[in-house]
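In the working numbering, the protein residues as written are 71 to 286.
Step one of this worksheet: look at the structure below.
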């Protein structure tokens, strides 16, 4: 759902050029905070524009000046939530960092917020405007974080710069998303560790990860 009061899409990315200024920034933050509360309480179904407006005390007309749809609002709010919930690890090795991040992401998807993630993915199928926000404020941030871990590995001489980082990200984290959406394989720490071991054996063949099950 969109509104005629909405802003103008930025060139190329589908993101609205929202109003700026101290008051607009404050209202923007109020809407995001209210949306986060609603997502935690009842998932995406609870985060309707009516509910967001009531909780944030920001009018629906103003909300639509900042976002094209409720999926767009939820996507940005959720991206901020995940960034806070998943700080980057620093274990001292590239393999350790990536394995730990796989475990953390798996645990996040297994949580109640993982259900919100699945709801957002489903909503984006029928909401192209919302999907643009999901890509920018959720996916882009997550992929930038893993790119940072991979670049650390390159800088240490532990990772091969010839391997595209997009392949690294999809190989490690794509299975977790599929498991979350399909529900065919449980998201446990043990399964996450196995996935990381198997994937990193190919991505980082010269590194050995000390396993918690076989400490060195």
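All C-beta atoms in this analysis are idealised placements derived from N, C-alpha and C, irrespective of residue type, glycine included.
In this structure, how does DSSP classify residue i when only helix, strand and coil are distinguished?
i, result
"residue 156", "coil"
"residue 32", "Nothing about residue 32 can be read from this structure; the chain reaches only from 71 to 286."
"residue 230", "coil"
"residue 94", "helix"
"residue 162", "coil"
"residue 266", "helix"
"residue 40", "For the chain, the structure presents residues 71 to 286; residue 40 sits outside this window and is missing."
"residue 126", "helix"
"residue 115", "helix"
"residue 55", "This structure does not reach residue 55, given that the chain is present from 71 up to 286, and the question cannot be answered."
"residue 245", "helix"
"residue 71", "For residue 71, the predicted model reports a pLDDT of 36, less than 50, meaning its position is unreliable and no value from the coordinates is stated."
"residue 176", "helix"
"residue 274", "coil"
"residue 220", "helix"
For residue i, I'd like the list of residues in its chain whose CB is within less than 6 Å of its CB, leaving aside the five on either flank, ordered along the chain.
i, result
"residue 104", "122, 125 and 126"
Closest to residue i by CA distance: which of the options is it?
i, options, result
"residue 145", "132, 114 and 171", "114"
"residue 250", "96, 209, 177 and 220", "177"
"residue 187", "269, 173, 172 and 209", "209"
"residue 100", "85, 130 and 86", "130"
"residue 102", "119, 232 and 189", "119"
"residue 93", "276, 110 and 136", "136"
"residue 88", "133, 109 and 246", "133"
"residue 211", "228, 247, 167 and 150", "150"
"residue 258", "270, 111, 219 and 180", "180"
"residue 109", "147, 128, 96 and 213", "147"
Leaving out five residues before and five after residue i in sequence, what residues of the same chain have Cβ atoms less than 7 Å from its Cβ?
i, result
"residue 83", "202 and 206"
Whose C-beta lies closer than 8 Å to the C-beta of residue i among residues of the same chain, with five residues either side of it excluded?
i, result
"residue 85", "79, 202, 203 and 206"
"residue 185", "113"
task = Say whether the region 136-150 touches the region 194-202, bearing in mind that this needs 3 or more beta-carbon pairs closer than 8 Å, one atom from each stretch.
result = yes
query = Touch check for the region 236-252 and the region 147-157: three-plus C-beta pairs under 8 Å?
reply = no
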